[in-house]
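A.B. asks: Before we start, here is the structure in question, set down as structure tokens.
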Amino acid sequence: MSVFLVIDRYTNEVIGQYEHLSVANAVIDELEDKSLNVRKEESNVKDKNL
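Listed below in structure tokens is the structure:
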């Protein structure tokens, strides 16, 4: 049986363990989407402060 680990690339902490690759990929996609949204919001705040 395979287990797929999702690991934070900055802290190297294990975020989760999943038996199916598709589930692990979905978790990664969701985390990346959240990260992009945070960066976009931070960029908008910086633009407003200029």
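Take the sequence shown: its letter number 25 is residue 27 in our numbering, and every next letter is one higher. We put the CB at the ideal spot given by N, CA and C, even for glycine. Computed from a prediction, not measured in an experiment: that's the story for all the values here.
Once the 5 residues before and after Tyr20 are set aside, which same chain residues still bring their CB inside 6 Å of it?
C.D. replies: Position 18 of the sequence shown, counted from the first residue, corresponds to residue 20. The residues are Phe6, Ala26.
A.B. asks: Please list the segments of the beta strand (DSSP E) lying wholly inside the stretch 10-37, counting only runs of 3 or more residues, in order along the chain.
C.D. replies: 16-20, all fully within the stretch 10-37.
A.B. asks: What does a CB cutoff of less than 6 Å around Val16 pick up in its chain, not counting 5 residues either side in sequence?
C.D. replies: Position 14 of the sequence shown, counted from the first residue, corresponds to residue 16. So the list reads Leu7, Ile9, once near-sequence residues are dropped.
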